[in-house]
Amino acid sequence: MPIIVCRLKSLPLATFAAAAARSLAINPANADHRRRVARTPAGQRGGTPRIAVVVGRRWPTTGVRLTVSFLDNAPRDLRARILRHMNAWGASANVVFRETRGMGQVRIARLDEPEDMAGYWSYVGTEILDVPDDKPTLNLEGFTMRTSDAEFRRVVRHEAGHTLGFDHEHMRRDMVQRIDRAKAFAYFDRTEGWTRHEIEEQVLTPLDDAAIMGTTESDPLSIMCYQLPGSIMKDRKPIKGGADINPKDHAFAAGLYPPRTRR
Ligand SMILES: [Zn+2]
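Residue numbers (my numbering): 31 to 293.
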């Protein structure tokens, strides 16, 4: 069975402005992460791209408290296991995910269809608040109690990282060189509705060049490392990303959401 990697998930263009206003209200420092993106609506290959301003989507520095609900009949032990792995971020940062039987702010599904909802993905940070109430904010296709602990660490912690407002880390040059450019253009046009320019910027620009453009230092072993499917790689081997939250990830999370100091 092929390894499933994370797909980025972002809100429809029409909701960008409202989502940006909300994220600035939640954490004004999100303004410092402002950037312009040109985005073609998904499925409209060759259509006119629209320019949108994207700001950071981080939660308040005072800490993150989010309720979690499940949109399917996940058994109690599975729900507890997923929560436990999401809360692994709480070892370093002021982060608590708590299950609710009502409607959670984080809504977890395990969809394997339709294609654009299948796989592993999460909306990023405060964007989850702009997802319609009856729709998931995080998907864990096919996760059961039979899934290995290694997969829980690799996938659930990565997706929880997106929910905490973390983007993908940029890639090293040797990884980028393994990508089949033509297949990458087709893949991200289909799955994300990105233009060629965006795909160049998001996926095909290796770490060195990205650093020159002002992006901060990245960690290729981060749990938030870019993940790519084997189908767009010249050698057909997927990039799986980091295997677990590593010390740099923990330090990063603790910097954004510092733990309360004991008195
Ligand atoms: Zn991801």
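Heads up, the beta-carbon is just placed ideally off N, CA and C, and yes, glycines get one too.
Worksheet item: From Pro-58 to Ser-99, what distance separates their C-alpha atoms?
Response: 28 Å
Measure the alpha-carbon distance for Arg-226 versus Asp-239 and round it to whole angstroms. 17 Å
* **Inter-residue Cα distance where the pair is Val-84 and Phe-127** => 26 Å
Using alpha carbons as the reference points, say which of Met-201, Asn-60, Tyr-287 lies closest to Leu-258. Met-201
Distance cut-off 7 Å: His-192 Cβ against heavy atoms of ligand 1 = yes
- Task: Classify Ser-40 as buried or exposed, calling it buried when 16 or more other Cβ atoms lie within 10 Å of its own Cβ.
- Result: buried
> Taking 7 Å as the cut-off, is the CB of Gln-135 close to at least one heavy atom of ligand 1?
Replying inline: no
- Within 7 Å: the Cβ of His-188 and any heavy atom of ligand 1? yes
Hey, would you say the C-beta of His-200 is under 7 Å away from at least one heavy atom of ligand 1? no
> Does the Cβ-Cβ distance between Thr-181 and Cys-255 come in under 8 Å?
Replying inline: According to the sequence shown, residue 181 is Glu rather than Thr. It is not a contact, given that the beta carbons lie outside the stated cut-off.
- prompt: Would you call the stretch 263–274 and the stretch 161–171 touching, i.e. three or more CB-CB distances under 8 Å?
  reply: no
Buried versus exposed, by CB contacts within 10 Å (16 or more), Ser-122
buried
Practice task
Would you mind listing the alpha helix (DSSP H) stretches within the stretch 131–206 that are 4+ residues and don't spill past its ends, in chain order?
Solution key: 187–193, 203–206
Check your understanding: Does the distance from the C-beta atom of Gly-134 to that of Arg-87 stay below 8 Å?
Key -> no
* If we ignore side chains and look at the alpha-carbon of each, how far apart do Ala-47 and Asp-160 end up? -> 11 Å
Check your understanding: Is Arg-293 buried or exposed, if buried means 16 or more other CB atoms sit within 10 Å of its CB?
Key -> Only weak support exists for where Arg-293 lies, its pLDDT of 49 falling under 50; the value from the coordinates is given anyway. Exposed, by the Cβ-count rule.
**Q.** DSSP-derived helix/strand/coil call for Thr-92
**A.** coil
Note down, in chain order, each residue of its chain lying with its Cβ closer than 6 Å to the Cβ of Gln-207, except the 5 sequence neighbours on either side. none
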